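In the working numbering, the protein residues as written are 356 to 599.
Working notes for the structure below.
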Amino acid sequence: MATPAHVAIIMDGNGRWAKARGMPRLAGHRAGVEALRKTVRAAPGLGISYLTVYAFSSENWSRPKSEVSDLMGLLKMFIRRDLAELHQSGVRVRIIGDRAGLQSDIRGLLDEAETLTAANELLTLVIAFNYGGRDEIVRTAQKLAAAVARGELDAEAISAESFAGALDTQGIPDPELVIRTSGELRLSNFLLWQAAYSELVFLPCYWPDFSREHLAEALREFAGRERRFGGLGGQDVASRPAAG
Numbered sequence: 356m357a358t359p360a361h362v363a364i365i366m367d368g369n370g371r372w373a374k375a376r377g378m379p380r381l382a383g384h385r386a387g388v389e390a391l392r393k394t395v396r397a398a399p400g401l402g403i404s405y406l407t408v409y410a411f412s413s414e415n416w417s418r419p420k421s422e423v424s425d426l427m428g429l430l431k432m433f434i435r436r437d438l439a440e441l442h443q444s445g446v447r448v449r450i451i452g453d454r455a456g457l458q459s460d461i462r463g464l465l466d467e468a469e470t471l472t473a474a475n476e477l478l479t480l481v482i483a484f485n486y487g488g489r490d491e492i493v494r495t496a497q498k499l500a501a502a503v504a505r506g507e508l509d510a511e512a513i514s515a516e517s518f519a520g521a522l523d524t525q526g527i528p529d530p531e532l533v534i535r536t537s538g539e540l541r542l543s544n545f546l547l548w549q550a551a552y553s554e555l556v557f558l559p560c561y562w563p564d565f566s567r568e569h570l571a572e573a574l575r576e577f578a579g580r581e582r583r584f585g586g587l588g589g590q591d592v593a594s595r596p597a598a599g
């Protein structure tokens, strides 16, 4: 079975999961963290080398302050509680998103997670935090424009490949598969550049109910699809155009 090296997940439905059970939204987010732990543990055994999760979007700041505070607390708890286990298991942590303006203690935890696990090779866990696809593209364009203004880069030399190399995900292959839970059918500003040729699988379950079996189901769906990359089908992967 063809297995994607990189799977990205939009972890959606925590609040609705809690509401359906008459519980506060925080309970749904806590259950979602547990689902994330299970998914990280299952991924290497299913042949996945990169797992990207949409933890907190740049639009999530518009939620009630109490919920944002709860989400920040859960992030801190996840890193403090799970970082040692992730490191011991051989998981490398990468953070993508805009860190400008984040509280210093959160930035410190994110930096610590990346530094401690930098040499690990079993699985790369990419956490999209304070992340938005459009924001990432704008920040990258600004970075390249500044390099041009300083005379360090010729504008004509900017290509899809060089642009991709300046994104938050530099050094990380594009995801072959993007999964979204909760039944919603959209990307919600997630990996807009990187997901240009990703297969999309939408599952009806809420994220707290996501299990190894759901992940395996999505992988089977992926394996049954023909990836043409704009060609006519039957195209050898080695001959396809390089993704950004």
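Note that beta-carbon positions come from the ideal geometry of N, C-alpha and C, so glycine has one too.
None of the values given here were measured: they were computed from a predicted structure.
Within 10 Å of its beta-carbon, does residue i have 16 or more other beta-carbons around it, so buried, or fewer, so exposed?
i, result
"S459", "exposed"
"R380", "buried"
"S553", "buried"
"A373", "buried"
"A597", "Unreliable placement is indicated for A597, whose pLDDT of 45 sits below 50; the coordinate value is still reported in the next sentence. So A597 ends up on the exposed side."
"G377", "exposed"
"P530", "buried"
"E581", "exposed"
"H361", "buried"
"T470", "exposed"
"P419", "exposed"
"L441", "buried"
"W634", "Since the first residue shown for the chain is 356 and the last is 599, residue 634 is missing from the structure and cannot be characterised."
"A468", "buried"
"E491", "buried"
"Q549", "buried"
"L540", "exposed"
"A573", "buried"
Under 8 angstroms by Cβ, that's how I've got residue i and residue j pegged, so tell me the actual separation to the nearest angstrom.
i, j, result
"N544", "E422", "Not a contact, Cβ separation roughly 19 angstroms."
"I527", "T479", "7 angstroms"
"A510", "V503", "5 angstroms"
"H384", "D437", "Not really, about 15 angstroms apart at Cβ, beyond 8 angstroms."
"M366", "G387", "6 angstroms"
"R494", "D453", "7 angstroms"
"L547", "R489", "7 angstroms"
"V481", "R449", "5 angstroms"
"Y561", "R396", "Actually they do not touch by this definition, with Cβ atoms about 20 angstroms apart."
"L570", "T358", "In fact, because the Cβ distance is near 11 angstroms, the residues do not count as touching under 8 angstroms."
"R435", "N475", "Between N475 and R435 the Cβ distance is about 18 angstroms, and since that is not below 8 angstroms, they are no contact."
"L499", "L508", "7 angstroms"
"L555", "F484", "Between F484 and L555 the Cβ distance is about 22 angstroms, and since that is not below 8 angstroms, they are no contact."
"G520", "S412", "Contact doesn't hold; Cβ gap of about 24 angstroms is too wide."
In terms of residue numbering, what span does the alpha helix (DSSP H) encompassing residue i cover?
i, result
"L391", "380 to 397"
"A373", "369 to 375"
What residue does the beta strand (DSSP E) around residue i start on, and which one ends it?
i, result
"A363", "361 to 365"
Considering only DSSP beta bridges, list what residue i is partnered with.
i, result
"T407", "A363, V481"
"S424", "In DSSP, S424 forms no bridge with anything."
"S417", "None; S417 has no bridge partner."
(request) Report the residue ranges of all beta strand (DSSP E) runs contained in full by the segment 515 to 593; include only those spanning at least 3 residues, in chain order. (result) Every beta strand (DSSP E) stretch that sits fully inside the segment 515 to 593 and reaches 3 residues is listed by chain position as 532 to 535, 554 to 557.
(request) Please list the segments of the beta strand (DSSP E) lying wholly inside the segment 439 to 497, counting only runs of 3 or more residues, in order along the chain. (result) Listed in chain order, the beta strand (DSSP E) runs fully inside the segment 439 to 497 are 446 to 451, 478 to 486, counting runs of at least 3 residues.
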